[in-house]
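To start, the structure itself, in structure tokens.
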Amino acid sequence: AEEGLLRGRRLLVTAGGTVERIDPVRYLTNDSSGKMGYAIAEEARRMGARVTLVTGRASVPAPAGVEVVRVESALDMREAVLSRMEQQDIIIKAAAVADYRPAEAAQQKIKKKSDEMTLQLVKNPDILAELGERKTTQFIVGFAAETQNVEAYAIEKLKRKRSDLLVANDVTVEGAGFGTDTNLVRIYDAAGLVEALPMLSKQDVAARLLALIAERLPKGE
Ligand code: C5P
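Quick note on full-length UniProt numbering: the sequence shown kicks off at 180 and runs consecutively.
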């Protein structure tokens, strides 16, 4: 029954962690496995969507039948997403984007010198918030990993970034969040809680989320 739910829709999903260069051999990153975003790409494809997967560092193989765009840093991901946003019906930001990057990436390997060194970081642009500012007809979905006050932070984030839905997970719960094959999420819109899902495989979370999105899209041509 779900097979054709997204037929003809164009969907872009971001996944994985960004890599922020310090020098040619060193970088900052995070524990994202990419599993949630990759599951969304695969399920969306199964539901008939034309899928673009913009991916940072991930530990799982890309699903078949989707266009894969590999990026390294948050700045690269921003460019890859914004340059493709106009063609999309749905944009889902499941990537773990680094909040900060080194102020400058050294061209040569940094030499060991004094006993202490300071790495200056600068803030990365918030891609989801920029999508919210620029959106016309796109349906935009954010993710939020929280460790406390999940509902309050989720709704605040959804409104500030002008997303249509926000998927929140409490990463302090075992089996939810980074690296696991399962996830425990609550899905919010601007009016509040839409659905609290039980602990499910990331594949099943993806299918439920995409079904909710499909219900909320303007009727297709
Ligand atoms: O890090 P934060 O909790 O604000 O992330 C919430 C959402 O915003 C996620 O969907 C994430 O992919 C997105 N985000 C982004 N650009 C950033 C930081 C977060 O698109 N620089």
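Just so it is clear, CB atoms sit at the ideal spot from N, CA and C, and this is done for glycine as well. What you are looking at is a predicted structure, and each value in this text was computed from that prediction instead of being measured.
Please report the straight-line C-alpha distance between K290 and E283, rounded to a whole angstrom. Approximately 15 Å, taken between the alpha carbons.
E309 - DSSP class collapsed to helix/strand/coil
Here E309 carries a helix assignment [DSSP, helix/strand/coil].
- Through-space distance from A259 to R205, alpha-carbon basis: A259 has its alpha-carbon roughly 23 Å from the corresponding atom of R205.
Sorted by chain position, which residues of the same chain lie with C-beta nearer than 7 Å to A273's C-beta, five sequence neighbours on each side aside? Closer than 7 Å at the Cβ level, and outside the excluded window around A273, lie V192, T193, A194, M215, G216, I219 and F322.
Point to revise | Around the ligand C5P, Cβ to any heavy atom closer than 5 Å, ordered along the chain | key: My final list is K272, A274, V276, N303, D305, I306, L307, G321, F322 and A323.
Practice task
Please name the residue in M264, M226 and G227 whose C-alpha comes closest to that of V233.
Solution key: Looking at the Cα atoms, M264 is the closest of the given residues.
inquiry  = Once the 5 residues before and after A355 are set aside, which same chain residues still bring their CB inside 8 Å of it?
reply    = Closer than 8 Å at Cβ, skipping near neighbours: N348, D349, T361, N362, L363, V364 and M378.
Indicate whether the contact test is met: 3 or more Cβ pairs, each with one atom in the region 184-191 and one in the region 221-232, closer than 8 Å.
Cβ pair count under 8 Å is three or more, so yes.
Could you tell me the distance, in whole angstroms, from the CA atom of V250 to the CA atom of Q327?
-> Rounded to whole angstroms, V250 to Q327 spans 31 Å at the Cα level.
Check your understanding: Going by DSSP, which residues form a beta bridge with K302?
Key -> Within the DSSP secondary-structure output, K302 pairs in a beta bridge with Y279.
- Message: Cutting at 7 Å between CB atoms, please list the residues of its own chain near G311, excluding the five before and the five after it.
- Response: Only I319, K340, R341 and S342 meet the Cβ criterion.
On the CB-based measure, 16 or more other CB atoms within 10 Å of its CB, does V301 come out buried or exposed?
Burial call: exposed.
Exercise. Give the single residue among D202, V276 and P240 whose Cα lies nearest to the Cα of Q286.
Key: Residue D202 is the option with its Cα nearest to Q286.
For this session: With DSSP as the reference, please indicate the residues paired to D368 in a beta bridge.
Result: Answer is G371, bridged to D368.
Nonlocal neighbours in the same chain, by C-beta distance under 8 Å from Q267, ignoring five residues either side: These residues qualify, in order along the chain: R189, L190, L191, T231 and Q317.
| Contact set for E325: own chain, Cβ-Cβ below 8 Å, skip 5 residues either direction | The beta carbon of E325 lies closer than 8 Å to those of Y332, A333, A347, N348, D349 and V350 in the same chain, with the five residues before and after it left out.
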